[in-house]
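Below is one structure; the comments refer to it alone.
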């Protein structure tokens with residue numbers, strides 16, 4: 366079945382550093398990838414939509430200069446949290462979509478998420 | 356913009372009891388997804404509903420979408436501790452299987468052995 370790999374699963378770093386999170390579709394080509402953020406005991410909030418070869422579309426209130434998204438190929442999107450601060454600590458999760466149902470079940474598959482902790 | 360409202364926000368049940376979680380949309384749903392999550396972990400896909408009146412079951416979990424496609428329910432029969440977790444409903448933000456979803460706020464389920 367369709368698999369989306371997200372790496373790293375957990376990262377702890379000092380305030381001011383930049384952190385890159387990768388999202389890969391392992392056995393299908395994803396025309397679109399989505400990045401979500403989840404705060405403790407809250408739901409997933411869509412941050413941005415990433416299309417291969419074009420600029421990402423950010424949701425209202427998400428700083429594009431803070432959260433850099435690159436979708437270099439049909440199987441890889443990256444989210445870079447620049448100059449991270451403690452308030453950026455959160456759980457980040459990506460999903461990959463093809464525009465049609467994958468395995469006949471759903472049009473998107475989710476990675477396992479990245480827990481980011483900024484000290 | 357479309358919003359999804361889940362109820363209840365949290366639920367504690369005794370093992371073996373049945374329970375229902377509801378998800379209500381402010382607009383007609385193109386597609387409705389149910390996921391299970393343990394906090395800080397990825398989403399486990401449960402079911403997708405697209406047609407009004409549709410009902411799907413997997414093991415002890417049944418999901419329904421009403422005829423008007425604005426409300427869905429997730430029913431667990433004879434709950435077990437393994438059912439504990441956060442249940443999220445998600446909806447297509449637009450038509451066409453784009454993969455872009457909005458989510459309800461989640462329902463945290465605890466099952467007491």
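Protein chains in written order, with the numbering used here: chain X, 366 to 484; chain G, 356 to 468.
Every residue gets a Cβ at the ideal spot worked out from N, C-alpha and C, and that includes glycine.
From the beta-carbon of residue 471/X, the residues of chain G found nearer than 7 Å are 388, 400, 403. Burial of residue 447/G is indicated by the presence of at least 16 other C-beta atoms within 10 angstroms of its C-beta.
Three or more beta-carbon pairs separated by less than 8 Å link the stretch 444-464 of chain G to the stretch 356-369 of chain G, which places the two stretches in contact.
Annotated three-state conformation of residue 452/X is helix, per DSSP. Put simply, the CB of residue 402/X is far from chain G, with every gap to its CB atoms at 8 Å or more. Per DSSP, the unbroken beta strand (DSSP E) holding residue 442/X starts and ends at 441-446.
Looking at the backbone, the Cα of residue 393/X and that of residue 385/X are separated by about 22 Å. The beta-bridge partner set that DSSP reports for residue 438/G is empty. Assignment of residue 374/G by DSSP, reduced to helix, strand and coil, places it in the strand class.
Looking at the backbone, the Cα of residue 454/G and that of residue 396/X are separated by about 10 Å. Every candidate alpha helix (DSSP H) stretch fails here, since none sits fully inside the stretch 382-435 of chain X while reaching 4 residues.
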